[in-house]
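Residues 102 to 554 (the working numbering) make up the sequence shown, in order.
Just so you know, even glycine gets a beta-carbon here, dropped at the ideal spot from N, CA and C.
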Amino acid sequence: MSKAKTVAIIGAGPVGLAAAAHVLERGLKPIVLEAGPDVGHAVRQWGHVQLFSPWEYNIDREAARLLESTGWNSPEPGQYPTGAELLEHYLEPLATKTVLAPHIKTSSRVTDISRVGFDKLKSKGRDAAPFEIRYQNGQGPEVMRADTVIDASGTWHSPNPAGANGLRALGEQQAAHKIAYGMPDVLGKDRARYAGKTVAVLGTGHSAIGTLTDLAQLAAQWPETKPIWLLRGNDPAKAFGGGANDKLAARGELGAVFAALVAAGQIRVEREFRVSHLAADGPRLIVDTGAGCCGRQVVVDELIVATGFRPDLDFVRELRIRLDPAIECPVALAPLIDPNEHSCGTVRPHGARELAQHEPGFYFAGMKSYGRAPTFLMITGYEQVRSIAAELAGDHEAAERVELVLPETGVCNRVIALDANNCCGGPALSGVDACCVADANAKQESKEGCGCG
Ligand SMILES: Cc1cc2nc3c(=O)[nH]c(=O)nc-3n(C[C@H](O)[C@H](O)[C@H](O)COP(=O)(O)OP(=O)(O)OC[C@H]3O[C@@H](n4cnc5c(N)ncnc54)[C@H](O)[C@@H]3O)c2cc1C
């Protein structure tokens, strides 16, 4: 057993709670601080979204062990829950019915972390000083001490802005009432906001294509609804994913359905659309790629920005943190997850060694550990915290061991195979004389086809 006794865990999302389970199992004392009023506060915001990984990839092994001792009925491994079901059947019982319950403080937003008596500059004796963690719980600032810290606070609350240069587009703040970030519930609680409207969605990830697919469904009931897809690149097929090649079947299916909607013209596509300005036009919003006369524009009622997320690094500013300059993830992790180089399937499992920081005893885990990379899977996070807890307990051999085999996914940068059944964004719509979506697109543009038919 190492000296580490108290482990502060920031965030009670799937990975923070799994971390608590592993830490407890190792005989250490977890204290989970969660900003929201309930556990899974970020997951709750996207509760309407169906996960693309089935239950078997969404439950941590140690958490399941704790739940089983309460008579929990484990969900059907092959089924795909929504975010709300993940909460109801897994995170909430884990937090309220197991031995984790007394270790979780909700409505406790961490605002600052440092070492007791040490500012960032001071080195001698630093490693032996406990961490000081400040948090807000609505009754003024609270302070706690911990021997180690696992920051599993996710990235949901810091979405990327609309600007193609990574900054807010000029006018973005003033237009805030016309903009939503992430994945609004366009078929459910936010329907009234989007039904019958012209809605631009900016982004190429799964959140963007999921929202556009939902908007196309909304248009089937409210024909005036006009979805517009704004993508910065010029190749829509990149967003279609691996179709039937994707081992996470739900994700492959989403890509194929979306490809078909695009091919059928149900979603207007604006390629190479790099937003720089937003401006009000009466009740509408002008989304603009350049200043005044020279840029391209679309005029919409609503804009949904789904350009990914970035980590909030403000509260770790007083710690000695070293991050990859582009991805904003721990340096050793960057070559494994760089979205310029890797598809999701090539991210090999990793743990304490890759996640260790320049500040001994401090680790990023979960979604936040991936910085700006979009390919995080919960099951990877569970392996991370299993390894970190082992390391904190002094079991270096278990910390080094890899206990996870990831599904080989066919999305991200994977080149789609030129096969008549699975190629180029999935099959074309029935009735369209084309072998696949890319073939249909090419023929629509009076070209010969995509070459695979
Ligand atoms: C729409 C969507 C769909 C996804 N689908 C899948 C999927 O199908 N399969 C899959 O494996 N992964 C999926 N992911 C990716 C990822 O696995 C999830 O986002 C997962 O919730 C990440 O877990 P986490 O615990 O790291 O972070 P989060 O779930 O984001 O939890 C972080 C917690 O920290 C809290 N917090 C934030 N700041 C503070 C603070 N300062 N102080 C205290 N608490 C704080 C938040 O309120 C939140 O509860 C999806 C992500 C999104 C957004």
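{"Query": "Rounded straight-line distance, which links the Cα of Thr390 to that of Thr212", "Result": "36 Å"}
{"Query": "His123 beta carbon near ligand 1 (any heavy atom closer than 7 Å)", "Result": "no"}
{"Query": "Burial state of Gly366, where buried means 16 or more other Cβ atoms lie within 10 Å", "Result": "exposed"}
{"Query": "Any non-hydrogen atom of ligand 1 within 7 Å of Arg246 CB", "Result": "no"}
{"Query": "Coil, strand or helix - Gln240 by DSSP", "Result": "coil"}
{"Query": "Distance, Gln274 Cα to Val565 Cα", "Result": "For the chain, the structure presents residues 102 to 554; residue 565 sits outside this window and is missing."}
{"Query": "Classification of Lys469 by the beta-carbon crowding that lies within 10 angstroms, buried from 16 upward", "Result": "buried"}
{"Query": "Which of helix, strand or coil DSSP assigns to Gln318", "Result": "helix"}
{"Query": "DSSP state of Lys198 mapped onto helix, strand, coil", "Result": "helix"}
{"Query": "Ser488, enclosing alpha helix (DSSP H) - first and last residue", "Result": "479-493"}
{"Query": "Where Cys525 falls: helix, strand or coil (DSSP)", "Result": "Low per-residue confidence applies at Cys525: pLDDT is 44, beneath 50, and the placement is therefore not dependable enough to give any value."}
{"Query": "Three CB pairs or more closer than 8 Å across the stretch 137-152 and the stretch 174-187", "Result": "yes"}
{"Query": "Cβ-Cβ distance between Arg473 and Ile428 below 8 Å", "Result": "yes"}
{"Query": "Cα-Cα separation, Pro231 to Ile132", "Result": "14 Å"}
{"Query": "beta-carbon Pro412 near ligand 1 non-hydrogen atom, thresh 7 Å", "Result": "no"}
{"Query": "Euclidean distance between Cα positions of Asp415 and Ala361", "Result": "42 Å"}
{"Query": "For Trp156, three-class secondary structure by DSSP", "Result": "helix"}
{"Query": "Nearest-angstrom Cβ-Cβ length linking Pro262 and Ala270, presumed shorter than 8 Å", "Result": "7 Å"}
{"Query": "Exposure label - Pro412; buried when at least 16 CB within 10 Å", "Result": "buried"}
{"Query": "Option nearest Ala229 by Cα separation, candidates Asn238, Pro324, Ser215", "Result": "Ser215"}
{"Query": "Buried or exposed by the 16-neighbour rule on C-beta atoms within 10 Å, applied to Arg487", "Result": "buried"}
{"Query": "Residue range of the alpha helix (DSSP H) that includes Ile438", "Result": "435-438"}
{"Query": "Option nearest Gly383 by Cα separation, candidates Thr481, Ala276, Tyr483, Pro176", "Result": "Ala276"}
{"Query": "Lys290 versus Arg246 - alpha carbon distance", "Result": "41 Å"}
{"Query": "Pro115: CB within 7 Å of a non-hydrogen atom of ligand 1", "Result": "yes"}
{"Query": "Ligand 3 heavy atom lying under 7 Å from the CB of Leu187", "Result": "This structure does not include ligand 3; its bound ligands are ligand 1."}
{"Query": "Cutoff 8 Å: Gly239 Cβ touching any chain B Cβ", "Result": "In the structure shown, chain B cannot be found, because there is only a single protein chain."}
{"Query": "Inter-residue Cα distance where the pair is Asn514 and Ala143", "Result": "Unreliable positioning characterises Asn514 in this predicted model, as indicated by a pLDDT of 31, which lies under 50. A coordinate reading is not provided."}
{"Query": "Buried/exposed call for Leu201, threshold 16 Cβ in 10 Å", "Result": "buried"}
{"Query": "Per-residue DSSP class, three states only, for Gly339", "Result": "Correcting the residue type first, residue 339 is Lys in the shown sequence and not Gly. Lys339 falls in the helix class under three-state DSSP."}
{"Query": "Ser175 classed as buried or exposed, judged by whether at least 16 other C-beta atoms fall within 10 angstroms", "Result": "exposed"}
{"Query": "Coil, strand or helix - Gln146 by DSSP", "Result": "helix"}
{"Query": "Rounded C-alpha distance that separates Trp257 from Thr326", "Result": "27 Å"}
{"Query": "For Ile205, the nearest candidate out of Ala120, Gly356, Val400, Pro324 (CA to CA)", "Result": "Ala120"}
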